[in-house]
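A.B. asks: One structure, as structure tokens, below. Some questions next.
2 protein chains.
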Amino acid sequence: MSAKEKGMLIVISGPAGSGKGTVVKLLREMIPELGFSVSATTRAPRPGEEDGVQYYFMSRDDFEEALTRGEILEHTVYCGNYYGTPKAEAERVLNAGQDLILEIETDGAMQIKRLYPEAVTVMLIPPDADTLEARLRGRGTETDDVIRTRLNRAREEIALSGKYDYIVVNEDNGADRCAADIAGILKAEHHRPCRMHGVTDNFFN
Amino acid sequence: MSAKEKGMLIVISGPAGSGKGTVVKLLREMIPELGFSVSATTRAPRPGEEDGVQYYFMSRDDFEEALTRGEILEHTVYCGNYYGTPKAEAERVLNAGQDLILEIETDGAMQIKRLYPEAVTVMLIPPDADTLEARLRGRGTETDDVIRTRLNRAREEIALSGKYDYIVVNEDNGADRCAADIAGILKAEHHRPCRMHGVTDNFFN
Numbered sequence: 001m002s003a004k005e006k007g008m009l010i011v012i013s014g015p016a017g018s019g020k021g022t023v024v025k026l027l028r029e030m031i032p033e034l035g036f037s038v039s040a041t042t043r044a045p046r047p048g049e050e051d052g053v054q055y056y057f058m059s060r061d062d063f064e065e066a067l068t069r070g071e072i073l074e075h076t077v078y079c080g081n082y083y084g085t086p087k088a089e090a091e092r093v094l095n096a097g098q099d100l101i102l103e104i105e106t107d108g109a110m111q112i113k114r115l116y117p118e119a120v121t122v123m124l125i126p127p128d129a130d131t132l133e134a135r136l137r138g139r140g141t142e143t144d145d146v147i148r149t150r151l152n153r154a155r156e157e158i159a160l161s162g163k164y165d166y167i168v169v170n171e172d173n174g175a176d177r178c179a180a181d182i183a184g185i186l187k188a189e190h191h192r193p194c195r196m197h198g199v200t201d202n203f204f205n
Numbered sequence: 206m207s208a209k210e211k212g213m214l215i216v217i218s219g220p221a222g223s224g225k226g227t228v229v230k231l232l233r234e235m236i237p238e239l240g241f242s243v244s245a246t247t248r249a250p251r252p253g254e255e256d257g258v259q260y261y262f263m264s265r266d267d268f269e270e271a272l273t274r275g276e277i278l279e280h281t282v283y284c285g286n287y288y289g290t291p292k293a294e295a296e297r298v299l300n301a302g303q304d305l306i307l308e309i310e311t312d313g314a315m316q317i318k319r320l321y322p323e324a325v326t327v328m329l330i331p332p333d334a335d336t337l338e339a340r341l342r343g344r345g346t347e348t349d350d351v352i353r354t355r356l357n358r359a360r361e362e363i364a365l366s367g368k369y370d371y372i373v374v375n376e377d378n379g380a381d382r383c384a385a386d387i388a389g390i391l392k393a394e395h396h397r398p399c400r401m402h403g404v405t406d407n408f409f410n
């Protein structure tokens, strides 16, 4: 990829039980040149955390104002605090020619796809309902009610998999293979004409 | 890929000097399960050739009638004879769940993409104009006029590369890499939701 070429925005979604965390970690090891974007949050910094390193720390008012101004690409609320991806931060990485992975839920993913139609969206899913339930129960610390809620939420996300560009199935012990499959998808996507600007210019001078 | 899943139609184009022949040969070695379709032609069978093996041998009238009935997916004329891909032959391979590669020119490729929007189209191009000319001259048997005509034809084809799903650049001694790149593209394309029918059914029974 030439320096002037813009990086590729990659969205990876996966319900609880899809193994997304492990797969993305392996993918980052496999492709160390993947860019990072620092998220913004309204939670208080913990000791040792620095603004702009772990997070951009923002007040609730500032975050909500940024949201209304369209400066936050996608966001979620967790334990009463906002967490989101600042648009300027994502653009900084992409304009430097680095590919950027965002791990986000289905709502945010569809929002990104509307804003960036050229973004590559991948949904990771478990192989079947029994495996999904076993993985959710495997943590062993949750009540049946909590498990049922998570199963239903996971099903809601999986139902949207057809709206993604790619689906990758994470079998048991399949994380390495999934990471390799996603790395292959990203490599293929770099052969799209929209990402090969100027490759044919030389023939027409 | 499950037996019931339809195969993927792959179109590979590349001007003279792109090295398409070598790359497709390597790709077939890399993916031996790729299907073959027998072409139809109006040229006379040579000694030892059998109808339905090397070609389907057809009269000119029959070929032209098949063309008007839409039974030929794409065709070209070479040395006064028709050569084309019978639709029934391509469908037979695809319905058996095998992926099928058609090596065809830009006109035919665009025609196929209109008939089969889910077809995957790849254009192979040389790295630059000098390399293209050197490769065309390299054969050493052609006049300058012939070379100039071929260069112009190659440029016309390369100008259409933006209409393809993927572009692969064949550097000198790059055939192995190109074949691997295309194999990766085909693998990625099998992760498209439209090619993963039923993969989420189990979650909704």
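If you read the sequences in order, they're chains A and B.
Each residue of the first sequence is one higher than the one before, starting from 1 at the first, in our numbering.
Each residue of the second sequence is one higher than the one before, starting from 206 at the first, in our numbering.
All residues carry an ideal CB built from backbone N, CA and C; glycine is no exception.
1) Counting C-beta neighbours from all protein chains within 10 Å, is the total for A:L136 16 or more, i.e. buried, or is it exposed?
2) According to DSSP, simplified to helix, strand and coil, what is B:T326?
3) Quick one: does A:R195 have its CB under 7 Å from some CB of chain B?
4) With distances taken Cα to Cα, identify the nearest neighbour of B:E238 among B:N378, B:Q259, B:G212, B:V404.
5) Are the C-beta of B:I390 and some C-beta of chain A separated by less than 7 Å?
6) Using a Cβ cut-off of 7 Å (strictly closer), state whether B:R360 contacts chain A.
7) How about A:I101 and A:I182: do their beta carbons lie closer than 7 Å?
8) Classify B:C383 as buried or exposed, calling it buried when 16 or more other Cβ atoms lie within 10 Å of its own Cβ.
9) At which residues does the alpha helix (DSSP H) containing B:T336 begin and terminate?
10) What are the residues that DSSP puts in a beta bridge with B:F408?
11) Please identify, using Cβ separations under 8 Å, the residues of the region 88-112 of chain A that lie next to chain B, in order along the chain.
12) Between the alpha carbons of A:P193 and B:E394, how many angstroms are there, rounded?
13) Please classify B:G412: does DSSP put it in a helix, a strand, or coil?
14) Quick one: is B:P331 buried, meaning 16 or more other Cβ sit within 10 Å of its Cβ, or exposed?
15) Please classify A:A3: is it buried, with 16 or more other beta-carbons within 10 angstroms of its beta-carbon, or exposed?
16) Comparing alpha-carbon positions, which option in B:N407, B:H402, B:Y283, B:N378 lies nearest B:I309?
17) Between the region 362-373 of chain B and chain A, which residues of the former have CB atoms less than 9 Å from a CB of the latter, in chain order?
18) Cβ atoms of A:D165 and A:V199: under 7 Å apart, would you say?
19) Could you list which residues in chain B have their beta carbon closer than 9 Å to that of A:V23, in chain order?
20) What do you get for A:S59, buried or exposed, if any count of 16 or more other CB atoms within 10 angstroms of its CB means buried?
21) Starting from B:N357, trace the alpha helix (DSSP H) in both directions and tell me its first and last residue.
C.D. replies: In this structure, then:
1) buried
2) strand
3) no
4) B:G212
5) yes
6) yes
7) no
8) buried
9) 334-343
10) Per DSSP, none; premise fails for B:F408.
11) none
12) 16 Å
13) The structure shown does not extend to residue 412 of chain B, since chain B is modelled only from 206 through 410, so no value can be given for it.
14) buried
15) Since pLDDT at A:A3 reaches only 46, below the 50 mark, its modelled position is unreliable, and the value read off the structure follows with that caveat. Exposed, because fewer than 16 other Cβ atoms sit within 10 Å of the Cβ of A:A3.
16) B:Y283
17) I363, A364, S366, G367, K368, Y369, D370, Y371, I372, V373
18) no
19) Chain B residues near A:V23: none, gap ~13 Å exceeds 9 Å.
20) exposed
21) 349-363
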